[in-house]
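Have a look at the structure below, then the notes.
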Amino acid sequence: MTTRSIGMRLVYALALPILIVAVWWVATLNETNPFVPRPGQIVSDFFGSWFGPLIVQQVLPSLYRLGVGLISAIVVGVVLGVLVGSSRVARKLTGPLFEFIRAVPPPVLLPVLLLVIGIDDRSKIFLIFLGCLWPILLNTIDGVRGVDQVLADTTRTYGVTGREKLRRFVLPASLPRIMTGIRLALPIAIILMVVSEMYAAIDGLGYQIMLFKQIFQIGPMWAGIVIIGLIGIVLAWIFRVIERRVLAWYFGQREVETSER
């Protein structure tokens, strides 16, 4: 990658955020309402309030819950999705149940989880796990179901069965859909992390943002919201790097097809 291409990517990535901040700054230049955030105030509160003990006390617990819940959902969703997607009988038996459970919004389950599990990290992690499980699970099932039947018959003809078929054919063919499910699960994980901490926690980003709101610390409250957005950006960037590595063959094939057109 040349210096010019890197520079152009930075321009494309930063142009719209810079424009939004500039418009925001001009619009709030003479604003006297203390509840309307100003860019300079948020930057000041971002470094003044959050950088220090709050990073360890409030941000790290949130990241721990987010990571455990999301990774658990990925492991269970992929394994269960491969098992269900590989069996027509399993799909017929579990289809109505999966659709019913998926239709229940995860935040509705929070009071039930608090009563059954308690107010500690387990209820929050389990809520994140449930919310992220379904897009990963259902996309994995669709990916396994959508494998090329001609290639499946070819692998069977050459005697590739069992674990070898799963490792060399089914999983690679399903990976684009699996990665799509994980991409959909990322914002769900962040939303459920914040929601669970706002109403049932003694620490975390959601808890601290609500605390700032209740004591009318509006600047630090908005700075906390900015931190949540930055976490989303970092997660999306990490996912994009992993996706490019895992699906290098897939993106290479798409580039070849695009060039041929």
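Residue 8 in UniProt numbering sits at position 8 of the sequence shown; the count goes up by one each step and never skips. Beta carbons are placed, not taken as given, at the ideal position from N, Cα and C, and that holds for glycine. Small disclaimer: the values here were computed from a predicted structure and weren't measured.
Taking a contact to require three or more Cβ pairs closer than 8 Å, the region 77-84 and the region 237-250 do not qualify as touching.
The beta carbon of Arg145 lies closer than 7 Å to those of Gly85 in the same chain, with the five residues before and after it left out.
Setting aside the 5 residues that flank it on each side, Glu243 is surrounded in the same chain by Met179 and Arg183, each with a C-beta closer than 8 Å to its C-beta; the list follows chain order. For Gln214, the enclosing alpha helix (DSSP H) stretches over residues Leu205 to Gln214.
The DSSP assignment places complete alpha helix (DSSP H) segments of no fewer than 4 residues inside the region 81-134 at 88-102 and 110-116, in order along the chain. By the beta-carbon neighbour count (other beta carbons within 10 angstroms, threshold 16), Phe47 is exposed. Contact check between the region 50-70 and the region 122-137: three or more CB pairs, one atom from each, fall below 8 Å, which counts as touching. The three-state secondary structure of Glu197, taken from DSSP, is helix. Taking every protein chain shown into account, the CB of Val36 has fewer than 16 other CB atoms within 10 angstroms, so this residue is exposed. In this structure, Gly219 is the residue among Phe239, Gly219 and Leu235 with its C-alpha nearest to the C-alpha of Val43.
In this structure, DSSP gives Asn139 a helical state, which the three-state scheme calls helix. Taken atom to atom, the span from the alpha-carbon of Ile117 to that of Pro106 is near 15 Å.
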